[in-house]
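Have a look at the structure below, then the notes.
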Amino acid sequence: MMKYTALFLIAMAMVVLSACTADVSQFGFGGATPTPTATPTPLPTPVQTFQTTVTADGEVVLSLPPQKLSFPSGLSGTIEEVYVVPGQFVKQGDLLAKVDDGDLQTALAKAEASLELTEAQITNEAAPALTGDISEARSNLEAAQADLQRLRDLPSAEAIDQAAADLRLREVELRQAQEAYDKVAYAEGVGMSPQAADLQTATLNYERAQAVYEEATKPAAEAEISAAQSKVVQAQNALEKLLSGLRPEAESVNAARLRESKIQVEEAKSNLAKALLRAPWDGIVTDLDGSPGVSINNASITLTQVEPLRFATSNFSERNLADVAVGDEATIYLKPYPNTSFLGVVQRIEFESTEKDGDTALFTIYFDFDGGDLDIRPGMTGRVEIAIGPPS
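Every letter in the sequence shown is one number past the one before it in numbering that gives the first Met the number 0, and letter 318, counting from 1, is 317.
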């Protein structure tokens with residue numbers, strides 16, 4: 000009986016305990032704290048990028064202003080021929096006009112002849128001496144030395160004796176002729192007589208013999224000896240030059256002469272080239288001032304470079320200037336070709352504002368573009384569109 004009573008009490012206790020546990024859970028006391036649910040981190044909102052297109056009006060312009068061409072300064076003369084007319088297209092290097100170059104041709108021919116002569120002289124001087132030339136040079140030296148020695152030996156006893164003997168002979172002949180003349184001196188027509196002719200001849204012979212004797216008895220003059228010495232030195236130098244060849248100093252002089260002659264030829268060629276006026280680039284002749292016979296000082300040809308053409312804006316606002324840089328791409332539209340777009344690239348931006356729109360400064364921007372085969376001319380108008388991103 001007591002066994003059943005104990006089991007009953009245990010069962011009742013478990014029922015009471017279960018009821019208490021349920022009450023505690025209901026009021027939140029004594030139970031385990033539940034794990035809170037995690038709140039998800041929100042993803043960043045995507046940033047939307049906006050792009051703006053800036054439009055500006057403009058026109059097609061030349062890459063360079065028309066250039067007036069003339070002959071170089073320092074050149075004189077008249078125009079001989081003009082080879083172009085206004086409106087004609089020319090390529091770089093084409094001949095536009097020519098000056099009468101007769102004098103320039105002559106100057107070049109003289110310079111070339113002078114160069115050839117200099118080269119021949121240098122070659123001749125540098126060539127080995129011939130045996131005959133050496134022998135002749137030695138003979139010239141010996142003759143010059145002998146003449147100098149002869150002058151130094153004056154007066155010569157042998158020459159004096161010979162001159163004295165001749166003088167005595169001529170004196171005897173003169174005395175005999177005088178005696179023969181005296182015998183007929185009173186005859187009529189004595190001046191035409193043989194005796195008169197013999198006396199005249201004898202007198203002249205005596206005077207010559209006397210002059211020779213006086214010369215033979217005089218010593219050589221200092222000027223004669225000095226001149227003879229100079230001839231000896233010249234003959235010695237000529238022989239040494241043949242035997243030893245050119246000295247280094249002479250080679251340097253010849254090299255300088257050759258350089259000078261070549262420079263003169265180049266200058267003459269340069270001056271002759273200046274007589275031809277050629278096109279410095281491809282372009283169109285837009286003006287011609289000059290004709291054959293006109294002085295080159297009053298002549299000129301105006302050449303316009305038509306390639307590449309550029310597009311220049313006329314009203315690009317300063318507000319967008321900071322967003323544009325050289326090399327940026329753009330799209331160009333021209334009024335004559337409204338359905339055609341041209342890819343453009345910023346070539347340069349003017350440093351200064353060209354004008355203002357109210358209180359807003361306007362700048363000129365130049366674009367390079369390719370017009371293809373279309374007939375595009377300076378002055379055609381249109382617009383340019385530039386895509387500008389938002390500020391960073």
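In this text, a Cβ means the ideal position worked out from N, Cα and C, and glycines have one as well.
Rounded to the nearest angstrom, what separates residue i and residue j at their Cα positions?
i: Val232; j: Gln161; result: 32 Å
i: Leu271; j: Arg258; result: 20 Å
i: Thr48; j: Asp322; result: Model confidence at Thr48 stands at a pLDDT of 47, short of 50, so the residue's coordinates are unreliable; what they give is reported in the following sentence. In a straight line, the C-alpha of Thr48 is about 16 Å away from that of Asp322.
i: Pro65; j: Pro307; result: 13 Å
i: Ala201; j: Ser155; result: 27 Å
i: Gly292; j: Ala254; result: 43 Å
i: Ile348; j: Asn319; result: 12 Å
i: Ser251; j: Ile121; result: 11 Å
i: Leu333; j: Leu63; result: 21 Å
i: Glu266; j: Lys273; result: 11 Å
i: Gly343; j: Gly371; result: 12 Å
i: Arg167; j: Lys217; result: 19 Å
i: Gln420; j: Ser138; result: Summary: the structure shown does not reach residue 420, with the chain confined to residues 0 through 391, and so no result is reported for it.
i: Thr301; j: Thr117; result: 44 Å
i: Val183; j: Ala164; result: 30 Å
i: Thr380; j: Gln263; result: 55 Å
i: Ser72; j: Ser294; result: 13 Å
i: Met191; j: Gln199; result: 11 Å
i: Leu241; j: Asp132; result: 8 Å
i: Asp100; j: Pro247; result: 41 Å
i: Glu239; j: Glu111; result: 32 Å
Got a sec? Which residues, its chain only, sit under 6 Å from residue i by beta carbon, not counting five neighbours each side?
i: Arg376; result: none
i: Lys90; result: Asp281
i: Glu75; result: Before going on, a small fix: residue 75 reads as Ser here, not Glu. Here the set comprises nothing.
i: Asp197; result: Ala176
i: Ser299; result: Lys67, Ser69, Asp288
i: Glu157; result: none
i: Glu382; result: The question names Glu, yet the displayed sequence has Arg at residue 382. For Arg382, where only same-chain residues beyond five positions count, the Cβ hits under 6 Å are Thr54, Asp56, Tyr332.
i: Thr32; result: Confidence at Thr32 is low in this model, with a pLDDT of 47, below 50, so the placement of that residue should be treated as unreliable; the coordinate-derived value is given next. Contacts found: none.
In this structure, what does DSSP give as the bridge partners for residue i?
i: Leu74; result: Leu74 pairs with nothing; no bridge assigned.
i: Asp392; result: An answer regarding residue 392 cannot be provided, because it is not within the stretch 0 to 391 covered by the chain.
i: Ile283; result: Phe88, Thr303
i: Lys97; result: Glu80, Leu275
i: Asp56; result: Arg382
i: Gly343; result: Ala329, Phe368
i: Ala360; result: Lys355
In chain order, what residues of the same chain have a beta carbon less than 8 Å from the beta carbon of residue i, not counting five sequence neighbours either side?
i: Gln235; result: Leu140
i: Ala227; result: Ala143, Asp146, Leu147, Leu150
i: Ser352; result: Glu317, Ala360, Leu361, Phe362
i: Val84; result: Val284, Leu287
i: Glu124; result: Leu245, Ala249, Asn253
i: Asp102; result: Gly76
According to DSSP, is residue i helix, strand or coil?
i: Glu81; result: Looking at the sequence provided, one finds Val at residue 81 rather than Glu. If DSSP states are grouped into helix, strand and coil, Val81 belongs with the strands.
i: Ser155; result: coil
i: Leu150; result: helix
i: Ala184; result: coil
i: Gly131; result: helix
i: Ala386; result: strand
i: Thr353; result: coil
i: Glu248; result: helix
i: Lys67; result: strand
i: Asp367; result: strand
i: Leu114; result: helix
i: Asn123; result: helix
i: Leu241; result: helix
i: Ile348; result: strand
i: Gly381; result: strand
i: Arg137; result: helix
i: Arg376; result: coil
i: Thr48; result: The predicted model places Thr48 with a pLDDT of 47, which falls under 50 and marks its position as unreliable, so this point remains unresolved.
i: Thr202; result: helix
i: Pro335; result: coil
i: Ala311; result: strand
i: Ser269; result: helix
i: Ser225; result: helix
i: Ser294; result: strand
i: Ser192; result: coil
Does the Cβ-Cβ distance between residue i and residue j come in under 8 Å?
i: Ile385; j: Val59; result: no
i: Ala55; j: Phe350; result: no
i: Glu178; j: Asn204; result: no
i: Arg309; j: Asp367; result: yes
i: Tyr185; j: Gln194; result: no
i: Ile387; j: Thr51; result: yes
i: Lys268; j: Leu114; result: no
i: Asp327; j: Val345; result: yes
i: Ala108; j: Ala237; result: no
i: Phe341; j: Asp374; result: no
i: Ala119; j: Ile159; result: no
i: Ala219; j: Leu153; result: yes
i: Asp94; j: Thr303; result: According to the sequence as given, residue 94 is Leu; it is not Asp. Not closer than 8 Å, so no.
Give every residue of the same chain whose Cβ lies closer than 7 Å to the Cβ of residue i, excluding the five residues on either side of it in the sequence, and list them in chain order.
i: Ser290; result: Ile78, Val81
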